[in-house]
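Structure, as structure tokens:
Numbering (full-length UniProt numbering), first residue to last: 1 to 455.
Written as structure tokens, this is what we have:
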């Protein structure tokens, strides 16, 4: 049994993991074609033929819609703005409450604040990492108007239960599928199971246009309202016969022609990327699923996983060392990363959103407490302990790897699995080492952990 690298032994792997590369000659040629045309945006901020963009944007949106059977696809300049559009399009008003996940990127919840809505955080399911239907039910009040679901790490939330709750209470459902393009829930593509949803085209996502996003819906009016919010809707409501003009003051959330042209070529590669992730993700799961104390996600029949991140839940009661020390030991067996995508493991993901200053101080828009003070006599609770499962995952349970991706071979994933198995096999040495007597509970967001490891 070889000695752990963290205790002075030789590591499992010394060679760097390869960086991800998703752009090719097709994207370069597409960008050049648009540059040669000299038309980098086809939008005009008024009703007419160009209200919804130029030919590249329209082609890109049609591609997304047809591929997964969405009635409408609406491009935006980021998924953050896409979330804001979705919240406005379903009619959230000041004082309305929206059930949100506390375990996701901050924009999921702050999108609600932009319309004066109030995020109410429900806890997540421990092995799914998405909203727990039981916790959702507990948080619903007469002021609740919507549920904002996040398909975290690329695996779908329990949509049957969530949609049943929404139907029971007459709530809108917004799907944040930023990390789950091309993912299915019980043979239905995620994104428009609810009223509206969508995907991110940020640089770190499966396919990207630098920044960008795509909204999808089957609802004609929600689609129109989304288009109005995207592009100076106040100039177009009359022309399009919109009688309810609430929330249709528009902005400039428009996608450029060059982004759309690149995105069109990127989308052609999505299926292949997902199939590769599925293959090496399944291999890694088969390697790890029998290890007591490590919990990996099992894929339900008819559902798929995009493996934006590969989550592993750690049980410190089994190993008798902290998650952070275990993670340090695994990382020592592998090369130091040269970028985010070559980090073997990071801990915690993000701090529960309600612990951020915007909620702790209840200061969002202006300095007088809006919108948290909108409902007289209602005091919103964002105290620690609000979502115990989320807090436990963040503080001591969850580990994440971005290595299940294109550019990584099965051999390289095998090295990653070997490193984990080596630490497990030598856990008594780690448990009895001086390192285990140190304090190993300091927390880092995953992004901070990655930044601190970069050469």
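The C-beta atom is built at its ideal place from N, Cα and C for all residues, glycine as well.
- Judged by DSSP in its simplified three-state form, residue 392 adopts helix.
- Judged by their CB atoms, residue 390 and residue 149 are not nearer to each other than the 7 Å cut-off.
- If the five residues before and after residue 423 are omitted, its C-beta is found closer than 8 Å to the C-beta atoms of 4, 326, 329, 330, 333 and 430, all from its own chain and listed in chain order.
- The beta-carbon separation of residue 118 and residue 380, rounded to 6 Å, stays under the 8 Å limit for a contact.
- Per DSSP, the unbroken beta strand (DSSP E) holding residue 217 starts and ends at 213-217.
- Taking residue 237 as the centre and dropping the five residues before and after it, the same chain places the C-beta of 228, 245 and 248 closer than 7 Å to its C-beta, in chain order.
- Shown here for residue 293: same chain residues with a beta carbon closer than 6 Å to its own, the five before and five after excluded, namely 315, 318 and 319 in chain order.
- Relative to residue 210, the option among 425, 226 and 77 whose CA is nearest is 77.
- Exclusion of the five residues before and after residue 27 leaves 262 and 265 as the residues of its chain whose Cβ lies within less than 6 Å of its Cβ.
- Secondary structure note for residue 169: its alpha helix (DSSP H) is the uninterrupted segment 159-169.
- The alpha helix (DSSP H) runs of length 4 or more contained entirely in the segment 68-146 are, from start to end of the chain, 79-89, 107-113 and 133-139.
- A straight line joining the alpha-carbon of residue 198 with that of residue 433 spans about 48 Å.
- Put simply, the backbone Cα of residue 143 is about 43 Å away from that of residue 343.
- If you compare the alpha carbons of 257, 279, 232 and 205 with that of residue 36, the shortest gap goes to 257.
- In the structure shown, residue 376 falls within a coil segment according to DSSP collapsed to helix, strand and coil.
- Going by DSSP, residue 295 is part of no alpha helix (DSSP H) but of the beta strand (DSSP E) stretching over 294-296.
- Its Cα nearest to that of residue 93, the residue 172 stands out among 400, 172, 313 and 357.
- Straight across, the Cα-Cα distance linking residue 406 with residue 312 is about 20 Å.
- Positions of the beta strand (DSSP E) runs, each at least 3 residues long and wholly inside the segment 174-238, are given as 196-200 and 213-217 in order along the chain.
- With a beta-carbon spacing of about 5 Å, residue 113 and residue 364 fall inside the 8 Å limit used to define contacts.
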